[in-house]
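Read in my numbering, the sequence shown has 316 at position 142, and its numbers run on one by one without any break.
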Amino acid sequence: AVTGPLRTLLDLAEVATLEEVEEAVGKARVARRVTPGALVAYADAATGHHGAGALKAVASQAKAEGFTRSKAERKLLELVRAARLPMPETNVVLFGRERDAVWREQEVVVEVDGWAFHSGRYAFERDKLRDGELAAHGWRIVPTTWWQLTQVPYVIVARLSAALG
């Protein structure tokens, strides 16, 4: 028998780490297979299943934080929260393109550029167009990478704090 995405995630939550469940939930959301609200409701209804608590915890956190597409974006939100900075909107369309983290009131955007999707000539040019479009509208861009988020997080927090004012 084939199980649907909600049941698959519930079963995974029984045997996997929270980080693995978080990653799987993120991938299911990117594929538009589930929503945080549906996950919370499904976990609530699965009383007695050993994965229900873990799935509900991950889904509730995702619902509270907003949509993230990557582990790096989740790491950014952890840093923002730890630094007690205002929480951004995540993965929202601004000037016709999806942005990783947006603070509308302060007109600040953080773009998390991973090597896998941001290396090579095409990606380089695409990223420059993306950043130039924001700058032309007067927005401040705080670019970062996974390495920076994990190895020098204080630099990112300082830059973001300065940009947010």
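Using N, Cα and C, we set each Cβ at its ideal position, and we do this for glycine too.
- With contact defined as three or more Cβ pairs closer than 8 Å, the region 274-286 and the region 309-325 are in contact.
- If you look at R314, you'll find it in the beta strand (DSSP E) that goes R314 to T318.
- Rounded to the nearest whole angstrom, the CA to CA distance from Q325 to A175 is 45 Å.
- Within the DSSP secondary-structure output, E263 pairs in a beta bridge with V276.
- It is roughly 31 Å from the alpha-carbon of V208 to the alpha-carbon of Y296.
- When the five nearest sequence neighbours on each side are left out, the beta carbons in the same chain lying within less than 6 Å of the beta carbon of V232 are those of V195, E196 and V199, in order along the chain.
- Under the three-state reduction of DSSP output, R181 falls in the helix class.
- The residues I330, in chain order, have a CB closer than 6 Å to that of Q322 in the same chain once the five nearest residues on each side in sequence are set aside.
- Here T319 has D287 as same chain residues with Cβ atoms under 6 Å from its own Cβ, once five neighbours each way along the sequence are excluded.
- Between L192 and A228, the C-beta gap is smaller than 8 Å, which places the two residues in contact.
- Between L308 and L259 a beta carbon distance of about 19 Å is seen, past the 8 Å cut, so the two are scored as non-contacting.
- In the three-state DSSP reduction, R248 falls in the helix class (H, G or I).
- At the C-beta level, A215 and P179 stay beyond 8 Å of one another.
- DSSP, read as helix, strand or coil, puts V326 in coil.
- G222 counts as exposed, since fewer than 16 other beta carbons sit within 10 angstroms of its beta carbon.
- Per the C-alpha coordinates, the member of V276, R271 and A275 positioned closest to K302 is R271.
- Secondary structure note for E285: its beta strand (DSSP E) is the uninterrupted segment V282 to V286.
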